[in-house]
Structure formats: C-alpha cells, structure tokens
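Going by our numbering, the sequence shown opens with residue 1083, and the numbers climb by one from there. Take a look at the structure below.
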Amino acid sequence: MKVFNFWHFLVVAAVFLPLERLFALRKEQKILRANWRLDLVYTFLNGALITVGITLIIVVAGNIFGSVVPARLRAAVAMQPLLIQLIEAVISADLVFYCAHRLFHSVPFLWKFHAVHHSIEEMDWLASARIHPVDQIVTKGASILPLLALGFSDPVIAAFAFIFSWQSYLLHSNVRIKFGLLKWVVASPESHHWHHANEREAYNKNYAAQRSIIDKLFHTLYLPEGKTPEKYGIDEPVPRGYLSQLILPFRHNPQSSNSELEASGSVKP
Ligand SMILES: [Zn+2]
Ligand SMILES: [Zn+2]
C-alpha cells in the first residue's frame, strides 16, 4: 500500500526519473508536465487517508473473514512455501482487484470516484498517485481481504504490497519498455496506458493491475500490435484542484448521464 513516506518518495523518484529519460515513450513530455503539483499533493496527502481507511478494513473485515474461514484451511495456506503463497496471493488479490476496478467503471456512482484517476492526460510514475481515496481504499482494501481471510503469511502480504506498489508506478510511467511474450500474462505499461487511452476501442479494457492473463480470461485484454494511444484522459470535465476532486462524487452533476459515461469509456461492459 502506498503510505506517505518522504524517503520512499525519493527512492521512487530516483528510480523512475532516469528510467523515463532513458526509455521515454513520449520524449517531448516534460518532467514538470501539466498538473504535476496536483499529483504531488495526492502523493503526500492521500497516503495518510488511505492508510487509515485500509487499516480499518484490515482490522474489522480481516477479523470477520478470518473467523469464518476454517482454521485448518488457513493453516494449510500458511504452511506452503513462501514463493507458492506469493503466486497464489497475487492471483487471488488481482482477481478481486479486477472485479472491483470493473465495478468502478460500470456503476455510475462509483465511476464518479474513478473518473479522478482517469482524468490523467499525461502518463508518468507520479500520475499513479492521482486516485480518489475512496477508490483506493475500496479497491486495495478489497484485494487484500482474501489474503487476510485465507491466512497468508505476513512476509507474503508484505511482498505482495511491495510488488503492487512498484508495479503501479511502472504501469503509469512514461516508458516504452516492452514485456515481450510476458505481456499476455503480466500487466505492463503498454496494457495500462491503453486502459487510460481516450479512444473508443480501448474503453473498458485492461482492468487487471498485476496479471493481464485475467483480462485475457474475461475477454477484456486490448494490446493492439504496433500502436500506442493517441491521447489519454476522459471527455467529461474533472476539476483540477485536490479538494474539488475529493468532493466531486458528492456533487450533483446533471452532465453525468449514462450517455456521457459511455462517451468517456465508463459504460457497463
Ligand atoms: Zn480504470
Ligand atoms: Zn491507472
């Protein structure tokens, strides 16, 4: 989980700033591109909100689910080798993430939260922070619940959170790093850039955060050969201020009709 940590931020910046210069997908894109200040505010303020929300979910729901799942099953899961546990954890968490993410696209009220993330018009590692805290708490909280309920070991949950966080930076970064044949199994910058593309053929595609094979299974994988998105973002208006974006889902917007959601790529699949 992304938690506010200044040193963590510096390490991520030290990795991705040079990476984006060396392997730039859009060479003309500046480091200090439009709305970088907004994404910096998200990086520093969202972390605290999200930590509180996810901790609450972990304590309350984790205990409830943990008591429902038979102790013998939880013990059997925890006794497996750590690598096997990690593979199982990533797949089960990503399955839940896929469903939650798809719901945020298909339910109009939930889309109002997720529209904030899709207002990104220039992709880079910093833009990955622009997520409404309710969106982040629900999707990340939901994806970690099966890991707690099934009793995966603490090091496995920590490794999952680490991989999820760094993969999220990579997926949004302005890089042309190709995954080769692995792109059919593992989510890549290519797949997630298409998820953010403001192009009709890419709408409602590539929901998985870690394993693109889940999109393949549910027929939502979109990876056209030899093409890159022309533009990112959505057509509906999203305010540019942090506080305005936080209250956006709670404001009445007569323009948020189903036809507009369809135009911006958030139709019911
Ligand atoms: Zn999305
Ligand atoms: Zn994204």
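Heads up, the beta-carbon is just placed ideally off N, CA and C, and yes, glycines get one too.
Problem set entry | Own chain partners of Y1124 with C-beta closer than 8 Å, once the 5 adjacent residues on each side are dropped | A1211, R1212, I1213 and Y1324
Problem set entry | Neighbourhood of G1223 by C-beta, 8 Å cutoff - its chain only, sequence neighbours within 5 removed | G1135, I1136, I1139, I1140 and A1143
Problem set entry | Identity of the residue in I1239, H1275 and V1268 nearest L1164 by Cα | I1239
Exercise. In its own chain, which residues sit with a C-beta less than 8 Å from the C-beta of P1215, not counting the 5 before and 5 after it?
Worked result: N1128, L1131, I1132, G1135 and L1328
Exercise. Cβ atoms of A1290 and H1200: under 9 Å apart, would you say?
Worked result: no
Exercise. Any chance the CB of Y1289 is under 8 Å from a heavy atom of ligand 1?
Worked result: yes
For this session: Can you tell me which of A1171, V1257 and R1282 puts its alpha carbon nearest to the alpha carbon of S1270?
Result: V1257
For this session: Using 8 Å as the cut-off, classify the Cβ of H1187 as near or not near the heavy atoms of ligand 2, replying yes or no.
Result: no
Problem set entry | Buried versus exposed, by CB contacts within 10 Å (16 or more), F1098 | buried
For this session: Identify, in the order they occur along the chain, each residue of the same chain with its Cβ nearer than 7 Å to the Cβ of W1266, setting aside the five sequence neighbours on each side.
Result: S1294, I1295 and K1298
Problem set entry | Reduced DSSP category for V1198 - H, G, I as helix; E, B as strand; rest coil | coil
Exercise. DSSP state of V1134, grouped into three classes?
Worked result: helix
Problem set entry | Where I1226 falls, given that 16 or more other Cβ within 10 Å makes a residue buried | buried
Exercise. What alpha helix (DSSP H) runs, 4 residues minimum, are completely inside the segment 1260-1312?
Worked result: 1271-1277 and 1294-1299
For this session: Pull up the CB-CB distance for A1160 and F1234, whole angstroms please, since I reckon it's below 8 Å.
Result: 7 Å
For this session: Using a threshold of 9 Å, state whether the C-beta atoms of Y1285 and E1204 are closer than that.
Result: no
Problem set entry | For N1288 and T1310, believed in contact at Cβ under 8 Å, the rounded distance | About 14 Å separates the two Cβ atoms, so there is no contact after all.
Problem set entry | Assigned secondary structure, V1257 (DSSP; H/G/I helix, E/B strand, else coil) | strand
Exercise. Between V1094 and the rest of its own chain, which residues show a CB-CB distance below 7 Å, the 5 nearest in sequence each way excluded?
Worked result: W1207 and Y1251
For this session: On a CA-only basis, which of F1179, D1176 and K1194 is nearest R1333? Give me that one, please.
Result: K1194
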